[in-house]
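Under the working numbering, think of the first position of the sequence shown as 22, with each following residue one higher.
What follows is a short report on a single structure.
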Amino acid sequence: MDEIIVFSVYEVTMHLRQVIESTIEPMYITGEISNFTHHSSGHMYFNLKDAKATMRCTFFRNSNFSMNFKPEDGMQVICFGRLTVYEKGGTYNLNVNSMQLSGQGDLARQFELLKKKLEAEGLFSAEHKQPLPRYPQKIGIVSSPTGAALQDIMNILKRRFPVEVILYPALVQGSDAPPQLIKGMKYFNTRNDIDLIILTRGGGSQEDLWAFNDEGLARAVFASRIPVISAVGHEIDFSISDFVADHRAPTPSAAAELSVPDKADLMAYLTALGKRMDILAKRVLNSKIGRLQLADHKLQANNPVQVVNRYGRDLDMATMKLENVRQKLKQKAQMLQRVGDTFISGGKYNLKTRIMSSDRRLDAIEQRVKIRSADAIRLKQEQIDLLELRLSSSSPKHILSKGYAIVQKGDKLLRSIRQIDKHDSLKLILSDGIADLEVHSTSEEETF
């Protein structure tokens, strides 16, 4: 019986290592990074996987220090390296010499680099964003004439708030798309009748949407004097044009809704506004009527006729009071006369001298009363004469004699040209007569 050859685990592992390293040349391997770890030593450890397999990878510090991007889980990369076997773990391993992004990963890196560059230049700053017009009259659209995005926008605009739309047809994917999109932006900025620009296309892969990540297009959007809405792809898709535009819409349909108001909402708003204006107008009118009534009350209180009547009543009262005083003095004089006669006729006291003296004093008092009454009556009469003069100069007839006229429509006194309509029949009152007029035309202008 032949002798059995037995190998240790280490011997087998080392043999496999020698076979792999001696027979398999360094190679490029592509896959997705997972379980990435950047050790404090500088070495990088991660798995490289695809849908069917996974392999361990080691990227040593002396090889990875010159990388221009930071590896992360989920990145699609191409690694160049040599296969080896790790003895202690008993697993094979790829020692990576270099790494580069592949496919989607490379596009993502380009996207981030351009995004950071433009952001640093201030192209994304809110201070540069223009407000969207509230009621645009004409909208320019830069998009494919055959795409679903254009049809979605047109349908929503027709339903919400019909406006005129001008289309600049352009490719929306491929290497020829960015120059055409840029021309569309510049074209609308040469016109003076465009209120809003929509830069749009429907959904697609990252490669399909890549034209909207063009730096030249981003700068054309930023330079637009007309507000721009960027609506590229679906809600989860973001493009460089979204960040630069004045407003980003998640979908083309959303761009249409952002562009115009809803006519139903607008009609409801106008109806509510009309009601508020009616309430305000009534409130103002009632306030004006109250002020006019107050002014009329004050005017009536200060009417010259009322003032004259008031002074006349005051004069009558004063005259009556003076007459009462005279009557009382006369009664007292008669009473004193009787008392004196009684004493004299009785012979008890000789009061003749005192009575005569009293008579003289009474005569003097009566004289002073007459003088003061006459003065008071004269003063009141002068005031009445002055008021009558003022009343005469303020009378309608006196004013009309100076060339003025009173105009009436029916029994309503007119104060403004706005109260007169064409073909109205009016009454013209002058100082010496009345004329009936018919209006042929009116015009508002300053007369004095």
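Ideal Cβ positions, reconstructed from N, Cα and C, are used throughout, including at glycine.
It should be emphasised that the depicted structure is a prediction, and the values quoted were computed from it without experimental measurement.
- The shortest C-alpha to C-alpha distance from Asp-442 to any of Asn-345, Glu-465, Lys-309 and His-59 is the one to Glu-465.
- Out of Ser-84, Met-96 and Glu-53, the CA that lies nearest to the CA of Met-76 is found in Glu-53.
- For Pro-190, the uninterrupted beta strand (DSSP E) segment begins and ends at 185-190.
- If you draw a straight line from the Cα of Ala-74 to the Cα of Tyr-49, it comes to about 16 Å.
- A straight-line Cα-Cα distance of about 31 Å links Val-428 and Asp-299.
- Only residues of its own chain outside the window of five on either side were considered, and among them Leu-104 have a CB closer than 6 Å to the CB of Ile-45, listed in chain order.
- Annotation for Ala-277: the continuous alpha helix (DSSP H) segment containing it runs 273-280.
- Between Ala-239 and Ile-261, the CB-CB gap stays under 8 Å.
- Separation of the CB atoms of Ala-198 and Ala-169 is rounded to 17 Å, and the pair is thereby denied contact status at 8 Å.
- Pairing Gln-121 with Val-98 gives a Cβ-Cβ distance under 8 Å.
- Under the three-state reduction of DSSP, Glu-228 is assigned to coil, being neither helix nor strand.
- Counting only runs that start and end inside the stretch 67-102, the beta strand (DSSP E) elements of at least 3 residues fall at 75-80.
- The residue among Ser-462, Thr-463, Arg-439 and Ala-426 with its C-alpha nearest the C-alpha of Leu-449 is Ala-426.
- In the three-state DSSP reduction, Ile-438 falls in the helix class (H, G or I).
- Distance from Lys-136 to Phe-243 at the Cβ level is roughly 14 Å; contact not present, criterion being Cβ atoms closer than 8 Å.
- By the Cβ rule, the stretch 198-210 does not count as touching the stretch 138-154, because fewer than three pairs are nearer than 8 Å.
- Fewer than three beta-carbon pairs drawn from the stretch 277-284 and the stretch 300-311 are found closer than 8 Å, and the two stretches are therefore not classed as touching.
- For Lys-150, there is no enclosing beta strand (DSSP E), as DSSP marks it with neither H nor E.
- Leu-202 is not a Cβ neighbour of Leu-279, given a cutoff of 8 Å.
- Non-local C-beta neighbours of Asp-214 in its own chain, meaning closer than 6 Å and more than five positions away in sequence, comprise Lys-159, ordered along the chain.
- Counting only the Cα atoms, Val-30 lies some 28 Å from Met-65.
- Rounded to the nearest angstrom, the gap between the Cα atoms of Asn-83 and Val-40 is 26 Å.
- Scanning its chain for C-beta atoms nearer than 6 Å, with the 5 sequence neighbours on each side dropped, one finds around Asp-267 the residues Lys-150, Gln-151, Pro-248 and Val-249, in chain order.
- Here Tyr-290 carries a helix assignment [DSSP, helix/strand/coil].
- DSSP lists no beta-bridge partner residue for Ile-203.
- Taking a C-beta distance under 8 Å as the contact criterion, Gly-225 and Gly-205 do not qualify as a contact pair.
- DSSP, reduced to helix, strand and coil, places Val-460 outside both helices and strands of the structure shown, so it counts as coil.
- Counting along the chain, Tyr-49 sits inside the beta strand (DSSP E) bounded by residues 48-59.
- Taking C-beta separations shorter than 6 Å and ignoring five residues to either side along the sequence, the partners of Ala-191 in its chain run Val-163, Gln-201, Leu-202 and Gly-205, following chain order.
- Cys-78 places its beta carbon less than 8 Å from that of Leu-115.
- For Ser-251, the beta-bridge partners assigned by DSSP are Leu-220 and Arg-269.
- From the listed residues Leu-178, Lys-91 and Thr-34, the smallest Cα separation to Gly-111 is found for Thr-34.
- Contact between Asp-173 and Pro-271 fails: their C-beta atoms lie close to 13 Å from each other, not under 8 Å.
- According to the DSSP secondary-structure assignment, Asn-114 is paired through a beta bridge with Arg-77 and Thr-105.
- Your pair Thr-51 and Ser-123 checks out as a contact, with CB atoms roughly 5 Å apart and the cut at 8 Å.
- Around the Cβ of Tyr-156, a 10 Å sphere holds fewer than 16 other Cβ atoms; the residue is exposed.
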